[in-house]
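Residue numbers (my numbering), protein chains in the order written: chain A, 1014 to 1501; chain B, 737 to 896. We put the beta carbon where it would ideally sit given N, CA and C, even for glycine. Here the structure comes first, spelled out in structure tokens, and everything after it is commentary.
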């Protein structure tokens, strides 16, 4: 049985944190049919290098490289468990596509102080986004709580496993061995670092550290070296998982999910205040003191795609927006307990910030998450957004993948059906690509019936035709969050 | 987003760097509390181990009450010792019998204060007596306190 609370009911609870107290008890569901919990299962040990078996199609010529993906993969120890899907130990996966058409898989846990401490204690104890602190746990800085579980980039020759409230974790790109936390400068140790840096087509990286209503803006060179950091004030202490950027601006979206107290776990520090609307702060990359603030109706969100600026100065970007943070508050914690607590699916929207100071929000008809676009089009005008979607009310997680065409208002999508749990897909351009979507999209599903993780490649111009090639692992890895494809 | 209230771990609470006049071990005895009626000669020997970077000094502050330890008062003794081969040793003499607790940090860059990042998080290793662990803040007095009585009391503190 699934009971969906209306938005008005949620709001009448005062804060969403308040709502979180009673929603789970109302909304137990799927206890008999929790086949999807394979996607939130524990992995007990590193996955040694192994071949993937090709089960359909032919390996596309010219697609050679490694799909690195990160995501939580250890949530439970001896009857204790993480309080939130976002708090499991990061498992870095490397899916290798070789030039002979074969493919392989290796995966290793991020060897963090958190994981070591919990292994030693034999229980989940380190506090997190939605996990309470256990007895006898030592926490001497943010990185003692860092699961390094959210995303990954290759920067300066190092694989960086990213979280958002602590430092990047350095890993070896070949062996996936952990080398320790990345400290860009001694006085920048233990700084938060969002898992969604914005990367310009030439490789320059922009990112944010957040603490209340203060942000530190990072600028890294294409070689991974620190170029500059500067602190800016934000108009509110909004929870932020992602921001976006045009070629000339940082675009910082401030949802009205606001830290107005200090509680543990962290998520209980946030109050949903829809009456305050959503704000968008636009900051010039060349002069962080030059800023404009736009107002939009309230929405919650995790992910945005890259932004661009049009000739008349209008800034556009798309995101996957939710009416409230209900998924984060009740849905994602429910996953770890094997409970499907329905929350409204995120919907793909286009946001426009007009030179006159107005902001507009235009919804599409599709549910979508993990929006990605051609990296070569970061910050400049583009037409397409890769996404997962086809969410259903009766099951958690995505069931399909698609590419939304903003010019035609159409989605070119493929439905894997209810026996697959679909993870983020990335666009990979063909060498010498002639157009924005001249290439492939690459990503994973968990095949519930085969109890195996699969790697799929689609022709990005014909997604609805289905994968051009599918490989299958001999193991099912839990659903990951974000990845990067490193072409050879 | 910064998930944890490490404001409670602020430098002032850890080491009082602005209010403490760091004194060399040789003259440490002069900074003793004069509260005791009879002169006493108890000694505390502190061995710091596990130091990972070979540079700098270990800075120590010794407190004789929970109030002072928690920031509402001054240490009864402060001193520092250079790091050599991953260790540092400090000997504090002339202490009255009673309960004490230690806060220490490894001043890696030798600037005399505990480093912090732009959000106030400590960036240099720190530790407490009994190897008491902080939990989103400094270790509490109850965990860090130890008894000093006649003779020499040894504390071995891992600081890494």
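Here the C-alpha atom of residue 1430 of chain A lies approximately 7 angstroms from the C-alpha atom of residue 1413 of chain A. Under the three-state reduction of DSSP output, residue 1342 of chain A falls in the helix class.
Counting only unbroken stretches of 3 or more residues, the beta strand (DSSP E) elements lying wholly within the region 1058-1100 of chain A are 1060-1070, 1078-1085, in sequence order. In this structure, the straight-line span from the alpha carbon of residue 1380 of chain A to that of residue 1422 of chain A is close to 14 angstroms. Between residue 1084 of chain A and residue 1368 of chain A a beta carbon distance of about 40 angstroms is seen, past the 8 angstroms cut, so the two are scored as non-contacting. The shortest C-alpha to C-alpha distance from residue 1152 of chain A to any of A:1140, A:1163, A:1160 is the one to A:1140. Counted as a single uninterrupted DSSP element, the stretch harbouring residue 1436 of chain A is not any alpha helix (DSSP H) but the beta strand (DSSP E) occupying residues 1433-1442. Each of A:1048, A:1375, A:1075, A:1427 was checked against the Cα of residue 1500 of chain A, and the nearest Cα belongs to A:1075.
Around the Cβ of residue 1478 of chain A, a 10 Å sphere holds fewer than 16 other Cβ atoms; the residue is exposed. In this structure, residue 1259 of chain A lies near residue 1328 of chain A, with their beta-carbon atoms less than 8 angstroms apart.
For residue 1128 of chain A, no beta strand (DSSP E) encloses it; the enclosing alpha helix (DSSP H) starts and ends at 1126-1134. Runs of the alpha helix (DSSP H) lying entirely within the region 1331-1412 of chain A, each at least 4 residues long, are 1345-1350 in chain order.
The C-beta of residue 1387 of chain A comes no closer than 8 angstroms to any C-beta of chain B. Excluding five sequence positions before and after residue 1359 of chain A, the CB atoms of its chain that fall closer than 7 angstroms to its own CB belong to 1333, 1334, 1335, 1380, 1381, 1382, given in chain order. Cβ neighbours of residue 1115 of chain A within its own chain (closer than 7 angstroms, five residues either side excluded): 1064. Of all residues in the region 1201-1225 of chain A, those with a C-beta nearer than 8 angstroms to a C-beta of chain B are 1201, 1202, 1203, 1204, 1205, 1222, 1223, 1224, 1225, reading in chain order.
For the region 773-807 of chain B, there are no residues whose beta carbon sits under 7 angstroms from a beta carbon of chain A.
Not flagged as an interface residue toward chain A: residue 841 of chain B, since no C-beta distance is shorter than 8 angstroms. Interface criterion met: the Cβ of residue 845 of chain B is under 8 angstroms from a Cβ in chain A.
Membership of residue 1449 of chain A in any alpha helix (DSSP H) is not indicated, and neither H nor E is assigned to it by DSSP.
Collapsing the DSSP output to three states places residue 1231 of chain A in a strand. 8 angstroms or more divides the Cβ of residue 1088 of chain A from the Cβ of residue 1103 of chain A. Within its own chain, the residues whose Cβ lies closer than 6 angstroms to the Cβ of residue 1485 of chain A, once the five positions on either side in sequence are excluded, are 1066, 1068, 1465, 1467, listed in chain order. Excluding sequence positions up to five before and after residue 1304 of chain A, its CB lies within less than 7 angstroms of the CB of 1294, 1295, 1296, all in the same chain and listed in chain order.
Within chain A, the residues whose beta carbon sits less than 8 angstroms from that of residue 857 of chain B are 1154, 1155, 1202, 1203, 1204, listed in sequence order.
Leaving aside the five residues that flank residue 1062 of chain A on each side, the residues in its chain whose CB is nearer than 7 angstroms to its CB run, in chain order, 1117, 1119. Excluding sequence positions up to five before and after residue 1121 of chain A, its CB lies within less than 8 angstroms of the CB of 1059, 1060, 1104, 1105, 1184, 1188, 1189, 1190, 1191, all in the same chain and listed in chain order. Apart from sequence neighbours up to five positions away, the residues of its chain that approach residue 1268 of chain A with a beta-carbon distance below 8 angstroms are 1251, 1252, 1253, 1291, 1311, 1312, 1313, 1314, 1338, ordered along the chain.
Burial state of residue 1488 of chain A is exposed, judged by a 10 Å Cβ sphere holding fewer than 16 other Cβ atoms. Inter-residue distance for residue 1498 of chain A and residue 1365 of chain A is about 29 angstroms (C-alpha atoms, whole angstroms). Under DSSP, the beta-bridge partners assigned to residue 818 of chain B are B:793. It is roughly 16 angstroms from the alpha-carbon of residue 1281 of chain A to the alpha-carbon of residue 1178 of chain A.
Just so you know, the alpha carbons of residue 1372 of chain A and residue 1227 of chain A end up roughly 24 angstroms apart. For residue 838 of chain B, the closest alpha carbon among the candidates B:823, B:811, B:853 is that of B:811.
Within chain A, the residues 1200, 1201, 1204, 1222, 1224, 1227, 1229, 1242, 1244 have their CB atoms less than 9 angstroms from the CB of residue 854 of chain B, given in chain order.
DSSP, read as helix, strand or coil, puts residue 1483 of chain A in strand.
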